[in-house]
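Residue 153 is where the sequence shown starts when you use this note's numbering, and the numbers rise one by one after that. Single-structure report; data block below.
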Amino acid sequence: MKKISINTNERYDVLIGKNILGELGAYTLEIFAPCKLCIITDDTVNLLYGDSVFDILSNSGFDVYRYSFPTGEASKSLDTYGRCLEFLAENKFSRTDGIIGLGGGVAGDLAGFTASTYLRGIKFIQVPTTLLAAVDSSVGGKTGINLSQGKNLAGTFWQPSLVFCDTATFKTLSAEIFLDGVAEAIKYGIILNKNLFEKIYTDAPITASYDKLEDIVYSCIKLKATLVMEDERDKGVRQLLNLGHTIGHAIEKCSNYKISHGHAVATGIALITKASHNFGYTDLQSLSLIIDILKKHGFITETSFTSEELLPVILSDKKRGGSNINLILPTKIGSSEIREFPVNSLDGFLKAGLK
Ligand code: NAD
Ligand code: GLY
Numbered sequence: 153m154k155k156i157s158i159n160t161n162e163r164y165d166v167l168i169g170k171n172i173l174g175e176l177g178a179y180t181l182e183i184f185a186p187c188k189l190c191i192i193t194d195d196t197v198n199l200l201y202g203d204s205v206f207d208i209l210s211n212s213g214f215d216v217y218r219y220s221f222p223t224g225e226a227s228k229s230l231d232t233y234g235r236c237l238e239f240l241a242e243n244k245f246s247r248t249d250g251i252i253g254l255g256g257g258v259a260g261d262l263a264g265f266t267a268s269t270y271l272r273g274i275k276f277i278q279v280p281t282t283l284l285a286a287v288d289s290s291v292g293g294k295t296g297i298n299l300s301q302g303k304n305l306a307g308t309f310w311q312p313s314l315v316f317c318d319t320a321t322f323k324t325l326s327a328e329i330f331l332d333g334v335a336e337a338i339k340y341g342i343i344l345n346k347n348l349f350e351k352i353y354t355d356a357p358i359t360a361s362y363d364k365l366e367d368i369v370y371s372c373i374k375l376k377a378t379l380v381m382e383d384e385r386d387k388g389v390r391q392l393l394n395l396g397h398t399i400g401h402a403i404e405k406c407s408n409y410k411i412s413h414g415h416a417v418a419t420g421i422a423l424i425t426k427a428s429h430n431f432g433y434t435d436l437q438s439l440s441l442i443i444d445i446l447k448k449h450g451f452i453t454e455t456s457f458t459s460e461e462l463l464p465v466i467l468s469d470k471k472r473g474g475s476n477i478n479l480i481l482p483t484k485i486g487s488s489e490i491r492e493f494p495v496n497s498l499d500g501f502l503k504a505g506l507k
């Protein structure tokens with residue numbers, strides 16, 4: 153088992169290993185004395201892992217409850233969030249009880265947001281079961297839900313007390329959903345670490361049976377940990393993690409969430425890098441390598457959405473600050489920058505990516 157310690161306002165560990173789920177009870181006892189725990193998960197993950205996690209925690213002396221919601225991004229809503237809160241209140245959860253977020257980013261974001269607001273905040277543990285949740289959403293304490301006006305428009309910063317990642321759970325992911333996480337892993341390589349990029353590039357395509365998967369997960373989380381510890385509240389360097397996300401979120405929303413987060417981010421990375429190259433910020437060789445690594449994994453590097461469709465969504469993005477917006481540009485492989493653009497220049501920049 154590999155361990156990464158994260159020192160934010162709260163200090164916590166991220167544990168990564170293969171076939172470690174059976175040890176979850178023992179590690180949970182290091183966080184909570186026996187108490188009520190509510191597993192928040194979706195219906196798919198509940199069927200696959202809900203009973204095992206329930207039994208593992210019960211056998212360790214916890215009084216376990218479970219709230220399962222319909223699978224999918226549409227459940228990351230005010231409605232589901234309200235139901236989670238009411239489920240805890242109906243079952244008389246107190247400040248010393250806790251939550252287990254079991255599943256992908258949707259379950260993790262909902263579990264975290266619920267934990268951060270129930271009784272003004274209770275402790276929670278993230279048990280990510282998608283690669284995307286493992287390398288990104290389970291670590292760093294961003295929680296949230298979508299509003300009808302856009303993604304993640306309501307949320308909090310609330311760090312988990314433990315992240316427990318069993319990579320064996322990725323075996324049941326469809327290839328498409330596994331790839332959502334690969335897009336984020338590629339992102340880390342592009343923005344921060346040439347070695348990671350080269351490893352993924354050389355061994356592409358990365359699949360759930362890739363024998364160095366724990367190493368990739370470990371490297372990604374280690375990189376994220378560095379940024380989160382320097383900038384927990386996302387005011388500066390943490391924003392580098394948003395490479396491809398501003399356009400990616402707009403693609404997700406324009407597709408009515410039929411295009412998933414990771415696939416939309418992959419296309420967003422391709423488009424922002426093309427625009428960045430056209431404006432002279434990214435060299436041609438880096439652009440070619442980035443498009444290549446995305447194509448090696450079967451990601452789509454163009455979009456049929458026009459700038460007229462994407463721009464209004466981008467302008468409603470929460471990352472916009474007044475008349476300017478920060479975009480993340482890859483300067484070369486392993487290095488990137490945050491550049492502020494006036495919103496009235498965005499149309500031209502976006503069109504340069506769509507050419
Ligand atoms: P998800 O939670 O919807 O999971 C994707 C699909 O995989 C679902 O159908 C789920 O039921 C299924 N699934 C999960 N684990 C499985 C397993 N082991 N076997 C089989 N099926 C499994 O989506 P996701 O891609 O994990 O996460 C996307 C969400 O994460 C988005 O809402 C995004 O905004 C959010 N996110 C948050 C952060 C953050 O920092 N909080 C970062 C990145 C993304
Ligand atoms: N997923 C981006 C962040 O955690 O900041």
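The C-beta atom is built at its ideal place from N, Cα and C for all residues, glycine as well. From a predicted model like this one, the values you see are computed outputs, not experimental measurements.
Which partner residues does residue i have in the DSSP bridge list?
{"i": "Tyr340", "result": "Answer is none; Tyr340 lacks a bridge partner."}
{"i": "Val315", "result": "Val166 and Gln278"}
{"i": "Cys190", "result": "Tyr217 and Ile251"}
{"i": "Leu479", "result": "Arg491"}
{"i": "Lys484", "result": "Ser487"}
Start and end of the beta strand (DSSP E) containing residue i?
{"i": "Tyr219", "result": "Asp215 to Phe221"}
{"i": "Gly307", "result": "Gly302 to Phe309"}
{"i": "Arg491", "result": "Ser487 to Pro494"}
{"i": "Ser299", "result": "The sequence shown places Leu at residue 299, rather than the Ser named in the question. Element bounds for Leu299: Lys294 to Leu299."}
Out of the options, point me to the one whose CA is closest to residue i's CA.
{"i": "Phe330", "options": "Cys187, Tyr433 and Ser412", "result": "Ser412"}
{"i": "Leu176", "options": "Thr193, Val205 and Ile158", "result": "Val205"}
{"i": "Lys250", "options": "Asp444, Ile274 and Gly213", "result": "Per the sequence shown, the amino acid found at residue 250 is Gly instead of Lys. Considering only alpha carbons, the answer is Ile274."}
{"i": "Gly450", "options": "Ala327, Asn243, Asp194 and Phe276", "result": "Ala327"}
{"i": "Leu198", "options": "Thr223, Glu404 and Asn211", "result": "Residue identity differs from the one stated: residue 198 is Asn in this sequence, not Leu. Closest option to Asn198, Cα to Cα, is Thr223."}
{"i": "Lys346", "options": "Ile208, Ser438, Leu230 and Gly202", "result": "Ser438"}
{"i": "Asn159", "options": "Val291, Thr196, Lys244 and Glu182", "result": "Val291"}
{"i": "Val417", "options": "Asn430, Ile443 and Pro494", "result": "Ile443"}
{"i": "Ile485", "options": "Gly341, Thr398, Phe245 and Leu181", "result": "Gly341"}
{"i": "Ser229", "options": "Gly202, Arg247, Ala263 and Ser212", "result": "Ala263"}
{"i": "Glu182", "options": "Ile277, Glu489 and Glu242", "result": "Ile277"}
{"i": "Thr378", "options": "Phe245, Leu344 and Asp261", "result": "Leu344"}
{"i": "Glu460", "options": "Gly500, Ile424, Lys447 and Glu454", "result": "Gly500"}
{"i": "Ser289", "options": "Asp203, Val380 and Ser428", "result": "Val380"}
{"i": "Ile399", "options": "Ser313, Lys503 and Glu489", "result": "Lys503"}
{"i": "Ser227", "options": "Leu463, Ser407, Ala259 and Tyr370", "result": "Ala259"}
{"i": "Gly213", "options": "Lys154, Ala178, Lys410 and Tyr370", "result": "Ala178"}
{"i": "Ser173", "options": "Phe322, Arg235 and Thr308", "result": "Rather than Ser, the amino acid found at residue 173 in this sequence is Leu. Cα-wise, what sits closest to Leu173 is Phe322."}
{"i": "Lys294", "options": "Gly234, Tyr370 and Lys376", "result": "Lys376"}
{"i": "Ile252", "options": "Gly396, Ser456 and Pro312", "result": "Pro312"}
{"i": "Tyr433", "options": "Ile452, Ser487 and Thr232", "result": "Ser487"}
How would you write the range of the alpha helix (DSSP H) that residue i sits in, first residue to last?
{"i": "Arg163", "result": "That residue, Arg163, is in no alpha helix (DSSP H); its beta strand (DSSP E) goes Arg163 to Gly169."}
{"i": "Lys155", "result": "Unbroken run through Lys155 is the beta strand (DSSP E), Lys154 to Asn159; no alpha helix (DSSP H)."}
{"i": "Asn347", "result": "Lys346 to Asp355"}
{"i": "Ile442", "result": "Leu436 to Lys448"}
{"i": "Thr510", "result": "There is simply no residue 510 to check, as the chain begins at 153 and stops at 507 in what is shown."}
{"i": "Asn408", "result": "No alpha helix (DSSP H) contains Asn408, which DSSP labels as neither H nor E."}
{"i": "Ser383", "result": "Checking the displayed sequence, the identity of residue 383 turns out to be Asp instead of Ser. Looking at the DSSP string, Asp383 is not in any alpha helix (DSSP H), and its letter there is neither H nor E."}
{"i": "Val205", "result": "Asp203 to Asn211"}
{"i": "Gly509", "result": "The chain is shown from 153 up to 507; residue 509 falls before or after that span and cannot be answered."}
{"i": "Lys503", "result": "Leu498 to Leu506"}
{"i": "Thr269", "result": "Gly257 to Thr269"}
{"i": "Ala241", "result": "Leu230 to Glu242"}
{"i": "Leu395", "result": "Taken as a continuous stretch (DSSP letters only), Leu395 belongs to no alpha helix (DSSP H), as it is neither H nor E."}
{"i": "Leu467", "result": "Ser459 to Leu467"}
At the 8 Å Cβ level, is residue i part of the contact set with chain D, yes or no?
{"i": "Pro464", "result": "Here chain D cannot be found, since the structure has a single protein chain."}
> Does the segment 358-369 come within contact of the segment 382-389, defined as at least 3 CB pairs closer than 8 Å?
Replying inline: no
> What residues does the ligand GLY have around it, judged by CB closer than 6 Å to any heavy atom, in chain order?
Replying inline: Asp288, Gly292, Lys294, Asp386, Arg390 and Leu393
> Do the segment 276-288 and the segment 336-353 make contact, defined as three or more Cβ pairs closer than 8 Å?
Replying inline: yes
>> Within 8 Å, do at least three Cβ pairs link the segment 311-325 to the segment 159-171?
In response: yes
> Are the segment 179-191 and the segment 208-217 touching by the rule of at least three beta carbon pairs closer than 8 Å?
Replying inline: yes
> Is it a yes or a no for the segment 376-384 touching the segment 479-494, going by three-plus beta-carbon pairs under 8 Å?
Replying inline: no
> Can you find at least 3 beta carbon pairs, one from the segment 344-355 and one from the segment 287-305, that sit closer than 8 Å?
Replying inline: no
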